[in-house]
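*Asks:* Input: one structure, supplied below.
In the working numbering, the protein residues as written are 2 to 425.
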């Protein structure tokens, strides 16, 4: 039997988080608030202690906006969704696919049937499959899928917005149709519907390499098996600041902030396996290594540091903090990439500033070693979105400057080979 109760009933000082735990049972390895006796010393990182590595873009484009990009897991393809004209009146929306190594355009598609509100693109699976979703101002839309040659595979009607994911084999695609408030699961090759799951599913969708999936709305965690069946629906509360499915698919890692400030490992039914307290403020983002051995809690505490945790028992292995930058309004980590063979980490770091009354966010990639110490830095400029390949060897920086109603202005898309930063 599984009973939904509050952690505060079991763990002193941990309140306001609703999670399933075994009826009559106690949590294993409950952990404690970290202190100097329990945790390794914190490494202090000052991002400007290292000069920025100079890397020129391998190639770049300048396109009229709006532009939305996605890259393949292997970093060999880039797809860009874009508009050719006015933001509000364009009927010439399109998707363009490029070879990431050379910058050569491989194929393009145009969507001219009506005036579109937005376009979303994604690259899915090892094959890969290219997905393009276009939506009108009435929120009705169509999901188009293509193979690597540009041949259309199938289409599907969607509403409002669609979030797409696939498993490592690429045999099925899972998507959130936000307008219909459902998860749909289809066969990749044909688009044949395998299952749908209803419920509040609007914010997050993750698929483990083995096939199980997690849909999370902020109030409910839905676990879906590799056979497309719902394993559990677990009510949650808003204190969840980060949630990730583990690579094996048999559970999730959850972060909380505020007075709770902890990381929890739960099984696929929401039952507690272990919990580890963090410094006050907690973490707002989690990342799990591809092999499932390690968890990285990001933006921990007032120093917005990093905490490396053993995924099996919740033990804290490494931690660091970032020194405050005098001219910054705020500074924080956007994401982290675990480099292969325990080669350290690549961190997407943002520093927000107000320049002459205008907000700007400077983005840098920080290379940290296995001890979370700074090894190198690459500055990517202000007001850009950053995408990284799964192995951290390639990144794309795309301008995200505000869109003018007239549609005037261009976006730059820059592709970088990160070998010099990684010491390859």
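Positions of the beta carbon are idealized from the N, C-alpha and C atoms, including for glycine.
Is the CB-CB distance between residue 384 and residue 398 below 8 Å?
*Replies:* no
*Asks:* Just list the beta strand (DSSP E) runs in the region 222-281, keeping only unbroken ones of 3 residues or longer that don't cross its boundaries, in chain order.
*Replies:* 231-236, 241-246, 252-257, 263-268, 273-278
*Asks:* With DSSP as the reference, label residue 48 as helix, strand or coil.
*Replies:* helix
*Asks:* Between residue 54 and the rest of its own chain, which residues show a CB-CB distance below 8 Å, the 5 nearest in sequence each way excluded?
*Replies:* In the same chain as residue 54, and ignoring 5 residues on each side of it, the C-beta atoms closer than 8 Å to its own belong to 377, 378, 379, 421, 422, in chain order.
*Asks:* Reducing DSSP to helix, strand and coil, say where residue 420 ends up.
*Replies:* helix
*Asks:* Can you tell which of 269, 300, 272 has its C-alpha closest to the C-alpha of residue 284?
*Replies:* 300
*Asks:* Beta carbon of residue 311, beta carbon of residue 345: below 8 Å?
*Replies:* no
*Asks:* Taking DSSP as the reference, what is the three-state secondary structure of residue 174?
*Replies:* strand
*Asks:* What's the gap between the Cα of residue 419 and the Cα of residue 393?
*Replies:* 7 Å
*Asks:* Where does residue 30 fall in DSSP's three states?
*Replies:* Low per-residue confidence applies at residue 30: pLDDT is 49, beneath 50, and the placement is therefore not dependable, though the value from the model is reported in the following sentence. Residue 30: coil per DSSP, three-state reduction.
*Asks:* Does residue 25 come out as helix, strand or coil in the three-state DSSP assignment?
*Replies:* Bear in mind that a pLDDT of 33 at residue 25, under 50, signals an unreliable position, so the model cannot answer this.
*Asks:* Here's a check: name, in chain order, each residue in its chain whose Cβ is nearer than 8 Å to the Cβ of residue 158, leaving out the five neighbours to either side.
*Replies:* 141, 142, 143, 144
*Asks:* What are the boundary residues of the beta strand (DSSP E) that includes residue 320?
*Replies:* 317-323
*Asks:* On a Cα-Cα basis, can you pick out the residue from 191, 163, 102 that is closest to residue 181?
*Replies:* 163
*Asks:* Do you know how far the Cα of residue 386 is from the Cα of residue 71?
*Replies:* When only Cα atoms are considered, residue 71 and residue 386 end up about 11 Å apart.
*Asks:* What is the residue span of the beta strand (DSSP E) that residue 378 lies within?
*Replies:* 375-383
*Asks:* Might you give, ordered along the chain, the residues of its own chain that have their beta carbon closer than 6 Å to the beta carbon of residue 424, omitting 5 neighbours on each side?
*Replies:* none
*Asks:* What is the C-beta distance between residue 51 and residue 375, in whole angstroms, given that I count them as a contact (C-beta under 8 Å)?
*Replies:* Their Cβ separation, rounded to whole angstroms, is 6 Å, which keeps residue 51 and residue 375 in contact under 8 Å.
*Asks:* Hey, how far is the Cα of residue 253 from the Cα of residue 198?
*Replies:* 19 Å
*Asks:* Is residue 427 near residue 216, with beta carbons less than 8 Å apart?
*Replies:* Because the chain spans 2 through 425 in this model, residue 427 falls outside it and cannot be assessed.
*Asks:* Taking the CB atoms as reference points, tell me whether residue 333 and residue 306 lie closer together than 8 Å.
*Replies:* At the C-beta level, residue 333 and residue 306 stay beyond 8 Å of one another.
*Asks:* Let me know if residue 42 comes out buried or exposed under the rule of 16 or more other beta-carbons within 10 Å of its beta-carbon.
*Replies:* Looking at its Cβ environment, which holds fewer than 16 other Cβ atoms inside 10 Å, residue 42 is exposed.
*Asks:* Please state whether DSSP places residue 305 in a helix, a strand or coil.
*Replies:* coil
*Asks:* Let me confirm a value: residue 276 is counted as buried when at least 16 other C-beta atoms fall within 10 Å, else exposed. Which label applies?
*Replies:* buried
*Asks:* Does the distance from the CB of residue 258 to the CB of residue 240 come in under 8 Å?
*Replies:* Taking 8 Å as the Cβ cut-off, residue 258 and residue 240 qualify as a contacting pair.
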